[in-house]
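Have a look at the structure below, then the notes.
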Ligand code: BEZ
Ligand code: FE
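Residue numbers (this note's numbering): 89 to 391.
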């Protein structure tokens, strides 16, 4: 989100609390049920490796008690502001996504992030996302087709799309945009085709008034994300694709604080000749799913 002081001050805590509530209620259901009854050997291996990484940082860099106490206070602040989903999605989710992607087929995906909201308006393609009468920004069309890995068009596919407004704010997490602004679940036609009319989003910073943004700035790292569209592309019997689309020429490409941008995910929108409207075409390929996963996906992105 942009760094307008007044808005971001209330937003770090509001957005954090909301993102925590969503994470608690299981946004991860998108990718399967929460792990339960974990294998002790796995816990010992993974948690042990993570703790050893921190212990070796302490040893290698001769961490002092003052720094250890500051770390404790920072962790408490992450909890108090509800920023665990933000922190984890900025600094760790991209590695988990890389692990998952190594065994996946179909279109390239990337991280979900903390700002997805369930239950948004459902629209038939061609669709215009909900927006204010005077919604700022460049009018933009995203169009394409959803197919299976064997090329079969996927009738009944849905494209759940959400993104910031032209000032870098997400509806549901910031004060300015009304609920549901620039969010929607678009039903493709019988050939899996979709056409979505919206506004081009803007780059934004993660909230700077909370502990994640403060730590980022204390380290001298850029808090910016390049402008992007978020997408969940779903079809019965297929693995839901979680992705984002970026824009050529964005100054923050290659320097994404969340390390989520990938060259394959860059759009180059072209003028349509209708005022300042631009358009990008992008197809999505979904891989088939089987067993329990297929059962779950049949309920995602559907009425
Ligand atoms: C986002 O995509 O909006 C996002 C992802 C990770 C951390 C913060 C924001
Ligand atoms: Fe985002």
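C-beta atoms are modelled at their ideal positions from N, C-alpha and C, and glycine is treated no differently.
The beta-bridge partner set that DSSP reports for residue 319 consists of 249, 331. For residue 233, the enclosing beta strand (DSSP E) covers residues 227-236. Check the Cα spacing between residue 230 and each of 375, 181, 376, 354: the tightest is with 354. Assignment of residue 104 by DSSP, reduced to helix, strand and coil, places it in the helix class. Under the three-state reduction of DSSP output, residue 165 falls in the helix class. Between the alpha carbons of residue 321 and residue 280 lies a distance of about 11 Å. Taking the CA atoms as reference points, residue 132 sits about 35 Å from residue 319. For residue 369, the three-state secondary structure derived from DSSP is strand. At least one heavy atom of the ligand FE lies closer than 7 Å to the C-beta of residue 318. Here the C-alpha atom of residue 334 lies approximately 16 Å from the C-alpha atom of residue 285. Of the candidates 254, 307, 276, 328, the residue whose Cα lies closest to the Cα of residue 245 is 276.
Residues of the same chain with a CB within less than 7 Å of the CB of residue 374, apart from the 5 flanking positions on each side, are 194, 234, 236, 242, 321, 323, 326, 327, 329 in chain order. Residue ranges of uninterrupted alpha helix (DSSP H) with 4 or more members, entirely inside the stretch 174-217 and ordered along the chain, are 181-189. Relative to the ligand FE, the beta carbon of residue 260 is positioned no closer than 7 Å to any heavy atom. Counting along the chain, the unbroken alpha helix (DSSP H) around residue 300 starts and ends at 299-306. Looking at the DSSP output, residue 292 shares a beta bridge with 313. Straight through space, the alpha carbons of residue 357 and residue 226 are spaced by roughly 11 Å. Across the set 278, 190, 348, the C-alpha of 348 shows the shortest separation from the C-alpha of residue 182.
Counted as a single uninterrupted DSSP element, the alpha helix (DSSP H) harbouring residue 135 occupies residues 128-148. In the structure shown, the three-state DSSP call for residue 266 is coil. Here residue 240 is exposed: its Cβ has fewer than 16 other Cβ atoms, across all protein chains shown, within 10 Å. DSSP, reduced to helix, strand and coil, places residue 241 within a strand of the structure shown. Take the alpha-carbon of residue 142 and the one of residue 179: they are about 15 Å apart. For residue 156, the number of other beta carbons within 10 angstroms of its own is below 16, and it is reported as exposed. CA-to-CA, the gap between residue 266 and residue 188 works out to about 34 Å. Proximity of the stretch 166-174 to the stretch 101-108 meets the contact definition, three or more beta-carbon pairs being nearer than 8 Å.
Of the heavy atoms belonging to the ligand FE, none sits nearer than 7 Å to the Cβ of residue 287. Here residue 105 has 170 as same chain residues with Cβ atoms under 7 Å from its own Cβ, once five neighbours each way along the sequence are excluded. Membership of residue 282 in the beta strand (DSSP E) is indicated by the continuous run 281-287.
Ordered by chain, the residues meeting the criterion of a beta-carbon within less than 5 Å of a non-hydrogen atom of the ligand BEZ are 177, 178, 201, 203, 346.
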